[in-house]
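Going by numbering that gives the first Met the number 0, the sequence shown opens with residue 0, and the numbers climb by one from there. Glycine is no exception: its CB is placed at the ideal position from the N, C-alpha and C atoms. First up is the structure itself, then whatever we jot down about it.
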Amino acid sequence: MFKVETTATINSLAIYNRYGDQIFQTSTGQWDGGDASSGVYYWRLVYEGCDSEKELKGWVHLIR
0 MFKVETTATI
10 NSLAIYNRYG
20 DQIFQTSTGQ
30 WDGGDASSGV
40 YYWRLVYEGC
50 DSEKELKGWV
60 HLIR
């Protein structure tokens, strides 16, 4: 499970495959991998900052 732990308000967490196709989106900040196959996936987190929306990006390696 990929989980974002923060005290900030999460607006969205999106997961993308290696082709840039969005495969998942939520406002809870967690992804259990669903039916995705093993591989590297990219994530984009949008959250409320002090005075505006902020964004973080990264990758996660899903191992089955």
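DSSP places Asn16 outside both helix and strand once states are collapsed to three, so it counts as coil. Comparing C-alpha distances from Asp50 to each of Thr8, Gly32, Ser36 shows the shortest one belongs to Thr8. Of the candidates Leu61, Arg63, Trp42, Ile62, Trp42 places its Cα closest to the Cα of Leu55. Among the bridge pairs identified by DSSP, Arg43 is matched with Ala13, Lys56. The beta-carbon distance between Val3 and Gly28, rounded to whole angstroms, is 4 Å. This is short enough to meet the 8 Å contact definition. Judged by DSSP in its simplified three-state form, Gly28 adopts coil rather than helix or strand.
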